[in-house]
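First the structure, in the form of structure tokens, and then the observations on it.
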Amino acid sequence: MEAAYHPLKIPTSSLLPVAGVDNVPGPMVPPELKDVIAAYARLEQDIGALVKRRSAVACARCEKICCRPDVGEQALESWWLREVGRQAHGRWWPDDWRTRDQCAALGDTGCTLTAGKPMICWSFVCDLYTEVYEDLWDAALYSFLADLLWEVGQLTRKLHLEYATEEQALAHADKIATRVAWGRELLEEAKHLVDGSLDEVGRHRLLLSLMCRVPRFFRATTQRALLSRL
Ligand code: SF4
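Using my numbering, the first residue of the sequence shown is number -15, and each one after it goes up by one.
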């Protein structure tokens, strides 16, 4: 059986060579991928705008820095994430990004990237963060948002967009476009958990439907967050 993708077990063959990353002269993205990179960046920014409503509260109460420099480096080692970040922010990284003792994207008030973050930056959910979820439906929405991009990027059982080379991304261009569009649909659907448009039965149905389509969403942190609000 093929090994499932895991962000902390990075297949070294998929990482970009160190040399040359800082010398990329500018956007050299294949035309077939330009629109989908822009669509992914917009999707990530829209997820981020929602997540900020809860992370701003939780992170303000916390004195630790959970952003690890090695995790942040993935934002530049990954071809896909680097191009998404460049789409959103231009060439945002400092020359010394590899030797810094904290993530190059970490600013005085938190992460400066609105798009192009490693999957784990969205998916990592600490106890303090789950404490600021409000009711059951709020917990369902924010738990779902933590895993949506991860699911969108899963191109095959073994290949995740985060670790795809430019050639692999090009070979999967149509699939990436389909999955980003699917992610957008799921995001719009998931908002109905909290926007008052559904009755109680409708929200339960929607929650079940989201769990079936995005199985990763129903992981241990989500289970705890939901169970504590039943
Ligand atoms: S959230 Fe931002 S600052 Fe933190 S590790 Fe990820 S990219 Fe770096």
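All residues carry an ideal CB built from backbone N, CA and C; glycine is no exception.
The stretch 107 to 127 in contact with the stretch 200 to 210 per 3-pair CB rule at 8 Å: The stretch 107 to 127 is in contact with the stretch 200 to 210.
Strictly closer than 6 Å from CB to any heavy atom of ligand 1: give me those residues in the order they appear in the chain. Cys51, Val55, Gly56, Ala59, Cys87, Ala89, Leu90, Cys95, Leu97, Lys101, Pro102, Cys105
Suppose you measure from the CA of aspartate 222 to the CA of leucine 177; what does that come to, to the nearest Å? Because the chain spans -15 through 214 in this model, residue 222 falls outside it and cannot be assessed.
Can you tell me whether glycine 186 is helix, strand or coil according to DSSP? helix
Going by the C-beta, is tryptophan 77 closer than 7 Å to any heavy atom of ligand 2? You won't find ligand 2 in this model; what it holds is ligand 1.
Confirm, please, whether the CB-CB distance from cysteine 95 to valine 55 is below 8 Å. Valine 55 places its beta carbon 8 Å or farther from that of cysteine 95.
Pick out whichever of Ser127, Leu182, Gly69, Arg75 has its Cα sitting closest to the Cα of arginine 200. Ser127
Own chain, CB closer than 8 Å to cysteine 50, minus 5 neighbours either side, in chain order: Taken in chain order, the residues that qualify are Phe108, Cys110.
In whole angstroms, what separates the C-alpha of tryptophan 81 from that of leucine 192? The C-alpha of tryptophan 81 lies about 42 Å from the C-alpha of leucine 192.
Would you please state the rounded distance, in angstroms, between the beta carbons of valine 20 and alanine 161? I believe it to be under 8 Å. Correct: roughly 5 Å between the Cβ atoms.
Three-state secondary structure (DSSP) at cysteine 87? The DSSP-derived three-state label of cysteine 87 is coil.
Glycine 131 burial status per 10 Å Cβ neighbour count (16 or more: buried): According to the sequence displayed, residue 131 carries aspartate and not glycine. By the neighbour-count definition (other C-beta atoms within 10 Å, threshold 16), aspartate 131 is a buried residue.
Run the CB neighbour count on serine 234, radius 10 Å, all protein chains shown included, and call it buried at 16 or more, exposed below. The shown model of the chain, from -15 to 214, leaves out residue 234, and the question about it has no answer.
Leaving out five residues on either side along the sequence, give the residues of the same chain with a beta carbon under 8 Å from the beta carbon of glutamate 31. In the sequence under discussion, the amino acid at residue 31 is isoleucine, which differs from the glutamate named in the question. Closer than 8 Å at Cβ, skipping near neighbours: Trp106, Leu129, Leu132, Leu133, Leu171.
To the nearest angstrom, report how far apart aspartate 85 and leucine 214 are at their CA atoms. 42 Å
For alanine 124, is the classification buried or exposed, using 16 other Cβ atoms within 10 angstroms of its Cβ as the cut-off for buried? buried
With distances taken Cα to Cα, identify the nearest neighbour of glutamate 146 among Trp63, Ala23, Ala33. Trp63
Could you check if glutamate 28 is buried or exposed, using at least 16 other CB atoms within 10 Å of its CB as the buried criterion? buried
I'd like the list of long-range same chain contacts for valine 13, defined as Cβ closer than 7 Å, with 5 residues on each side in sequence excluded. Ile21, Glu67
Which residue spans inside the stretch 25 to 77 form an unbroken alpha helix (DSSP H) run of at least 4? 53 to 61, 63 to 73
What is the rounded straight-line gap between the Cα of methionine 195 and the Cα of phenylalanine 202? 6 Å
In terms of alpha-carbon separation, which member of Arg52, Asp158, Gly100 lies closest to arginine 75? Of the candidates Arg52, Asp158, Gly100, the residue whose Cα lies closest to the Cα of arginine 75 is Gly100.
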